[in-house]
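In full-length UniProt numbering, the protein residues as written are 1 to 109.
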Amino acid sequence: MSEEITIDTQDLGEKIVRVLKTIYDPEIPVDIYELGLIYDVFVNEDNDVKILMTLTSPNCPVAESLPVEVEEKVKSIDDLNDVEVEITFDPPWTQELMSEEAKLELGLL
Numbered sequence: 001m002s003e004e005i006t007i008d009t010q011d012l013g014e015k016i017v018r019v020l021k022t023i024y025d026p027e028i029p030v031d032i033y034e035l036g037l038i039y040d041v042f043v044n045e046d047n048d049v050k051i052l053m054t055l056t057s058p059n060c061p062v063a064e065s066l067p068v069e070v071e072e073k074v075k076s077i078d079d080l081n082d083v084e085v086e087i088t089f090d091p092p093w094t095q096e097l098m099s100e101e102a103k104l105e106l107g108l109l
């Protein structure tokens, strides 16, 4: 009987979040995770990842490059198979989505 190596999806999720926290919106000195731009991260049993994210506005200057940066950096995680980044503006991003940490950083608290 062959022993199957299972990779914990929660562990993978944490690795993904660590990577997401290294990516910054160029206009705001807070990472995209704390800003609340990441709506969801899905990891299936094949270790395919789908990231549902938004931008601070539809005409954000990094609308083209930020999703690519997210995809490339997350793909650098060894155990992942495929990475897809989907941009949505539903619901639109608001400051309410920011973490307490981000709000403190930006002097909003």
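Yeah, the Cβ is synthetic: ideal placement off N, Cα and C, and Gly gets one too.
Where does E84 fall in DSSP's three states?
-> For the purposes of this step, residue 84 is identified with residue 84 of the sequence shown, where counting begins at 1. In the three-state reduction of the DSSP assignment, E84 falls in the strand class, which pools E and B.
At what residues does the alpha helix (DSSP H) containing K50 begin and finish?
-> For the purposes of this step, residue 50 is taken as residue 50 along the sequence shown, with counting starting at 1. For K50, there is no enclosing alpha helix (DSSP H); the residue is found in the beta strand (DSSP E) stretching over 49-53.
On a CA-only basis, which of L35, D79, L55 is nearest V68? Give me that one, please.
-> Taking the first residue of the sequence shown as 1, we reach residue 68 at position 68. Answer by Cα proximity: L55.
Range of the contiguous alpha helix (DSSP H) that encloses I16 = If you number the sequence shown from 1, residue 16 lands on position 16. Start and end: 9-20.
At least 3 beta-carbon pairs within less than 8 Å: the segment 43-60 vs the segment 74-90 | Segments in contact, yes.
Of the choices V74, F89, P26, V30, whose alpha-carbon is the least far from that of P61?
-> For the purposes of this step, residue 61 is identified with residue 61 of the sequence shown, where counting begins at 1. Closest option to P61, Cα to Cα, is P26.
Hey, how far is the Cα of L37 from the Cα of D8?
-> Taking the sequence shown and counting its residues from 1, the one referred to as residue 37 is at position 37. Taking the sequence shown and counting its residues from 1, the one referred to as residue 8 is at position 8. Here the alpha carbon of L37 sits roughly 25 Å from the alpha carbon of D8.
Inter-residue spacing [alpha-carbon to alpha-carbon] between K21 and K75 | Your numbering for residue 21 matches position 21 in the sequence shown. Your numbering for residue 75 matches position 75 in the sequence shown. Here the alpha carbons of K75 and K21 stand approximately 15 Å from one another.
Thinking just about the alpha-carbon of each residue, which of G13, K73, N47, V49 is nearest to the one in Y24?
-> Within the sequence shown, numbered from 1, the residue matching residue 24 stands at position 24. Closest by alpha carbon: K73.
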